[in-house]
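Visitor: Got a structure here, written out as structure tokens. Questions coming.
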Amino acid sequence: MRGRFLRVNQGRLARAREGLAPRQQTLLSLLALLFHVNHPLLPGYVSDCTPAGVSGYTPDAATLAAARQLVQDFSCSTVSVCPSQPIHGLFLMGSLGTLAQTAQSDMDVWICLAPDLSDAAVSALRKKCRRLEAWATSQGSEAHLFLIDAQLRNDEGSEPRQRLLLDEFYRTAIWLAGRTPMWWWVPVQEEARYAEFTRGLLDAGLIGGDETIDLGHLAHIAPGEFVGAGLWQLFKGIESPHKSLLKLLLIEVYASEHPQVNCLSLDFKQRVYANQLDLDELDPYVVVYRRIERYLEGRGEAQRLELVRRSLYLKVDHALSNGEAGTQWQRRLLKRLTREWGWDEQHLALLDHRSQWQAQQVSHERRALARELSVSYRSLRQFARDGQVPAQ
1 MRGRFLRVNQ
11 GRLARAREGL
21 APRQQTLLSL
31 LALLFHVNHP
41 LLPGYVSDCT
51 PAGVSGYTPD
61 AATLAAARQL
71 VQDFSCSTVS
81 VCPSQPIHGL
91 FLMGSLGTLA
101 QTAQSDMDVW
111 ICLAPDLSDA
121 AVSALRKKCR
131 RLEAWATSQG
141 SEAHLFLIDA
151 QLRNDEGSEP
161 RQRLLLDEFY
171 RTAIWLAGRT
181 PMWWWVPVQE
191 EARYAEFTRG
201 LLDAGLIGGD
211 ETIDLGHLAH
221 IAPGEFVGAG
231 LWQLFKGIES
241 PHKSLLKLLL
251 IEVYASEHPQ
261 VNCLSLDFKQ
271 RVYANQLDLD
281 ELDPYVVVYR
291 RIERYLEGRG
301 EAQRLELVRR
311 SLYLKVDHAL
321 SNGEAGTQWQ
331 RRLLKRLTRE
341 WGWDEQHLAL
351 LDHRSQWQAQ
361 QVSHERRALA
371 RELSVSYRSL
381 RQFARDGQVP
391 AQ
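In terms of UniProt numbering, the sequence shown has 7 at position 7, counting the first letter as 1, and numbering is strictly consecutive.
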């Protein structure tokens, strides 16, 4: 089963690389190596004492060749690597590899750490992350590197992340190196028995404890999370209204299903187990849209659905009337979606030239977005009141 997840992962990673410039591709290729070793001439170096070593990682020939463009005669055998390999995994998050990837997309990376690292060790790694982010900027990329512990706390010591974030991680993250998620090994029907099932796998020797990273299950989501996450998306909507609308409506869908929430990550896992590995249908933005579409069609809310379609189209930002935006697979997939929606060339051109809209058109669209964000959040507040969930 791990092989199926890795096939999807490989396809998504290839799509991500296809949308990157050559120097950005090199950066992505080198990330795991840069956390695997400490070398004073490699980007991000802090000291030989900085924790280094990615679980089970061995750089391939292409990665070593890229490293030798920076350090002549580079060899892993001549640099320091911690025997304990405290970097348990590297995962690419965000829009890379998805329908929404553009030339301006950030590179968000989770660096999952061993739980026993000292504060000083984490501090050194944090410094390394900041230096690597600065180097990425010099290479034409905006990178954000996040240190994550086993409880999904970030390196700034915030509260444990919500299950909704874990849901997003499991269905969107691209594995780069290190351990793969324990969650992959647990069939959907065993999600509620996650701890017992995984313990059985380990006790039987079917998987090794050093092969997986265990971030937990998604059998249950506390209802209070929906309101808190909805409020956060309402705030984020100021900066990214189209993306926030999609996320807020997905939360509304989840709340409507509570307590039997069928998270998109569980649906994703079920498809992989069923060997349904079509990358287009597994695309993170497409699966969010499909779930919202079913929900709104079931409620007969055609006007809201049309706004969702416009939001998806404007979020992914590939002007189809232009004919050049995005990669070939992105244009093909977006064309298929817009044909399903019955959009003609005139409608596409209208959206693609929104920078030329008159003030009245701009104001109308902004009001529609603001109204929908408010309607969706109010529905979550009503859900909270009906279930006596503490208000956020």
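Even for Gly, the Cβ is constructed at its ideal location relative to N, Cα and C. Treat the numbers as computed from the prediction; the structure is a model and nothing was measured.
Roughly how many angstroms lie between the CA atoms of LEU147 and LEU28, to the nearest whole one?
Guide: 17 Å
Visitor: How would you call residue 410, buried or exposed, if buried means at least 16 neighbouring beta carbons within 10 angstroms?
Guide: The structure shown does not extend to residue 410, since the chain is modelled only from 1 through 392, so no value can be given for it.
Visitor: Kindly confirm or deny that the segment 184–194 and the segment 207–224 touch, where touching means at least three C-beta pairs closer than 8 Å.
Guide: yes
Visitor: Take the Cβ of ARG68 as the centre, count every other Cβ of all protein chains shown within 10 Å, and call the residue buried at 16 or more, exposed below.
Guide: exposed
Visitor: Buried or exposed for residue 400, going by 16 or more other Cβ atoms inside 10 Å?
Guide: Not covered by the structure: residue 400. The range shown for the chain is 1 to 392.
Visitor: Hey, would you say LEU6 sits closer than 9 Å to THR180, going by beta carbons?
Guide: LEU6 is a Cβ neighbour of THR180, given a cutoff of 9 Å.
Visitor: Residues bridged to MET93 by DSSP?
Guide: ASP108
Visitor: With which residues is THR212 paired in a DSSP beta bridge?
Guide: THR180
Visitor: Kindly give me the distance between the Cβ atoms of LYS315 and LEU248, rounded to whole angstroms, as I take these residues to be in contact under 8 Å.
Guide: No, LYS315 and LEU248 are not in contact; Cβ-Cβ is about 13 Å, not under 8 Å.
Visitor: Tell me the rounded alpha-carbon separation between SER379 and ARG385.
Guide: 10 Å
Visitor: Hey, how far is the Cα of GLU225 from the Cα of HIS353?
Guide: 38 Å
Visitor: Who pairs with residue 407 in a beta bridge, going by DSSP?
Guide: The structure shown does not extend to residue 407, since the chain is modelled only from 1 to 392, so the question has no answer here.
Visitor: Give the C-beta separation of HIS36 and TYR57 to the nearest angstrom, bearing in mind that I take them to be a contact with Cβ-Cβ under 8 Å.
Guide: 5 Å
Visitor: Using DSSP with H/G/I as helix, E/B as strand and the rest coil, what is ILE87?
Guide: strand
Visitor: State whether the segment 14–23 contacts the segment 286–294, with contact taken as three or more CB pairs (one from each stretch) at a distance under 8 Å.
Guide: no
Visitor: Measure the alpha-carbon distance for LEU277 versus ASP48 and round it to whole angstroms.
Guide: The straight-line gap separating the alpha-carbon atoms of LEU277 and ASP48 is approximately 42 Å.
Visitor: Looking only at DSSP bridge pairs, what is VAL54 linked to?
Guide: ILE87
Visitor: Going by DSSP in three states, LEU320 sits in which element: helix, strand or coil?
Guide: coil
Visitor: Is the segment 222–238 in contact with the segment 254–270, if contact means three or more CB pairs nearer than 8 Å?
Guide: With three or more CB-CB distances shorter than 8 Å, the segment 222–238 counts as touching the segment 254–270.
Visitor: Could you tell me the distance, in whole angstroms, from the CA atom of ILE251 to the CA atom of LEU337?
Guide: 22 Å
Visitor: What residues in its chain sit with their C-beta under 6 Å from that of LYS127, if we drop five residues either side in the sequence?
Guide: If the five residues before and after LYS127 are omitted, its C-beta is found closer than 6 Å to the C-beta atoms of VAL46, all from its own chain and listed in chain order.
Visitor: Would GLY237 and LEU113 be called neighbours here (beta carbons separated by less than 9 Å)?
Guide: no
Visitor: If we count the other Cβ atoms within 10 Å of its Cβ and call it buried at 16 or more, is GLU168 buried or exposed?
Guide: Buried is the call here.
Visitor: Going along the chain, which residues of its own chain have a beta-carbon closer than 6 Å to the beta-carbon of SER138, five neighbours each way excluded?
Guide: none
Visitor: Taking the alpha-carbon positions, what's the LEU70 to LEU166 distance?
Guide: 36 Å
Visitor: Kindly list the residues whose CB is nearer than 7 Å to the CB of LYS243, restricted to its own chain and excluding five residues on each side of it in sequence; keep chain order.
Guide: LYS315
Visitor: Between LEU99 and the rest of its own chain, which residues show a CB-CB distance below 7 Å, the 5 nearest in sequence each way excluded?
Guide: ASP283, TYR285, VAL286, VAL316, GLN330, LEU333, LEU334
Visitor: When the Cα atoms are used, what is the spatial distance from GLY300 to LEU132?
Guide: 49 Å
Visitor: Assuming PHE197 is part of the alpha helix (DSSP H), what are its boundary residues?
Guide: 194–203
Visitor: In this structure, what does DSSP give as the bridge partners for LEU113?
Guide: ILE87
Visitor: Looking at C-alpha atoms only, which residue of GLN72, ALA66, PRO115, GLN25 is the closest neighbour of SER141?
Guide: GLN25
Visitor: What does TRP175 pair with, by DSSP beta-bridge criteria?
Guide: Answer by DSSP bridge pairing, in chain order: PHE91.
Visitor: To the nearest angstrom, how far is it from the Cα of GLN101 to the Cα of GLN303?
Guide: 27 Å
Visitor: Quick one: grab the DSSP three-state call for CYS129.
Guide: helix
Visitor: Of the residues HIS144, ALA62, ALA66, PRO115, which one's Cα is nearest the Cα of LEU96?
Guide: HIS144
Visitor: Going straight from the alpha carbon of GLY230 to that of GLN189, what length do you get?
Guide: 28 Å
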